[in-house]
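*Asks:* Take this structure first; my questions come after.
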Amino acid sequence: MDIGALLNLYLRNLFFLLADIAPYFLVGLLVAGLIKVFLPHEKLSKHLGQESLGAVFKAALLGIPLPLCSCGVLPVAVSLRRSGAGLPATMAFLVTTPQTSIDAIFITFGLFGGAFALAYPLAALIAGVSAGLLVYFFFLPHSESPLFGGGSCAAGNGPPSANPLVQAIRYSFLELPAELTKPFVVGLLLAAALTTLLPPGFLGA
């Protein structure tokens with residue numbers, strides 16, 4: 021395959037990846053903004069801010085019913101971290117949330133019965149708590165400095181708005197994307213490169 025054809029394939033893969041990911045990422049940004057504005061910072065800090073097993077467990081529980089995929093959960097996890105959640109709790113939430121949701125649990129119950137419907141979120145809970153504990157025991161000493169420029173709990177840098185919905189939209193689509201754009205674009209470019217260079221069926225072989 022010549023360079024021109026390879027570049028054309030890369031750009032096409034990049035376009036399709038962006039089209040697949042963007043809607044879920046935008047939903048995640050919106051959910052992050054709503055959590056930032058409508059979920060009090062004091063409650064988040066109280067329940068998820070402590071570097072403890074209880075905070076990890078609560079964060080994993082919080083993620084079980086949310087209908088967010090692995091793309092949509094990223095901005096929400098960043099927002100939780102900036103709002104005062106501890107790093108182990110954030111990791112527990114990040115791992116648990118994409119694995120299940122309230123609608124998926126009900127569908128599982130209808131298709132496979134109560135035992136499967138119970139095991140499904142339980143497995144996600146165990147995975148999330150395990151990931152949070154790994155961060156707590158092995159990585160926490162190296163992450164004492166707050167992420168994202170000090171983890172400011174302010175909803176924005178400008179004058180506060182009287183309308184909470186305006187604050188949520190401002191945070192969702194102006195402030196948070198400013199921090200996530202670089203890693204999002206880098207990840208998208210790398211994913212498109214892997215899709216282009218790896219032969220079809222490589223991971224399924």
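Under this note's numbering, think of the first position of the sequence shown as 21, with each following residue one higher. Every residue gets a Cβ at the ideal spot worked out from N, C-alpha and C, and that includes glycine.
Grab me the residues of Phe193's own chain with a C-beta within less than 7 Å of its C-beta, minus the 5 sequence neighbours each way, in chain order.
*Replies:* On the sequence shown, residue 193 is found 173 positions in, with the first residue counted as 1. Closer than 7 Å at the Cβ level, and outside the excluded window around Phe193, lie Leu49.
*Asks:* Please report the straight-line C-alpha distance between Tyr156 and Ala147, rounded to a whole angstrom.
*Replies:* Translated into the one-based positions of the sequence shown, residue 156 becomes position 136. Translated into the one-based positions of the sequence shown, residue 147 becomes position 127. Roughly 14 Å between the two C-alpha positions.
*Asks:* Determine contact between the segment 129-142 and the segment 182-191, defined as no fewer than three beta-carbon pairs at a distance below 8 Å.
*Replies:* Taking 8 Å as the limit for Cβ pairs, the verdict is that the segment 182-191 does not touch the segment 129-142.
*Asks:* Checking 7 Å against the spacing of the C-beta atoms, do Ala80 and Thr128 come in under that value?
*Replies:* For the purposes of this step, residue 80 is taken as the residue at position 60 of the sequence shown. For the purposes of this step, residue 128 is taken as the residue at position 108 of the sequence shown. Not in contact: Ala80 and Thr128 (Cβ atoms no closer than 7 Å).
*Asks:* Looking at C-alpha atoms only, which residue of Ala42, Asn33, Leu64 and Pro87 is the closest neighbour of Ser99?
*Replies:* Counted from its first residue, the sequence shown places residue 99 at position 79. Comparing Cα positions, the closest option is Leu64.
*Asks:* Buried or exposed: Leu86, going by 16 or more other Cβ atoms within 10 Å of its Cβ?
*Replies:* As a first step, residue 86 must be located in the sequence shown, where it is residue number 66. Label assigned to Leu86: buried.
*Asks:* Are the CB atoms of Phe204 and Val149 nearer to each other than 7 Å?
*Replies:* If you number the sequence shown from 1, residue 204 lands on position 184. If you number the sequence shown from 1, residue 149 lands on position 129. No, the Cβ-Cβ distance between Phe204 and Val149 is not below 7 Å.
*Asks:* What residue from Leu37, Phe113, Pro141 and Tyr140 has the CA that sits closest to Ala151's CA?
*Replies:* As a working mapping, residue 151 is identified with position 131 in the sequence shown. Minimum Cα distance to Ala151 is reached at Phe113.
*Asks:* Leaving out five residues on either side along the sequence, give the residues of the same chain with a beta carbon under 6 Å from the beta carbon of Leu217.
*Replies:* Looking up residue 217 in the sequence shown gives position 197. Same-chain partners within the cutoff: there are none.
*Asks:* Check each candidate in Phe45, Glu199, Leu160 and Glu195 and name the one with the smallest Cα separation from Ser90.
*Replies:* Numbered from 1 along the sequence shown, position 70 holds the residue referred to as residue 90. Closest option to Ser90, Cα to Cα, is Phe45.
*Asks:* The alpha helix (DSSP H) with Ile84 in it runs from where to where?
*Replies:* Numbered from 1 along the sequence shown, position 64 holds the residue referred to as residue 84. Per DSSP, Ile84 belongs to no alpha helix (DSSP H) and is neither H nor E.
*Asks:* Can you grab the Cα-Cα spacing for the pair Ala42 / Asn28, in whole Å?
*Replies:* Position 22 of the sequence shown, counted from the start, is the residue given in the question as residue 42. Position 8 of the sequence shown, counted from the start, is the residue given in the question as residue 28. Going from the Cα of Ala42 to the Cα of Asn28 covers about 21 Å.
*Asks:* Count the other CB atoms, across all protein chains shown, that sit within 10 Å of the CB of Pro141; report buried if there are 16 or more and exposed otherwise.
*Replies:* As a position in the sequence shown, residue 141 is number 121, starting the count at 1. Burial call: buried.
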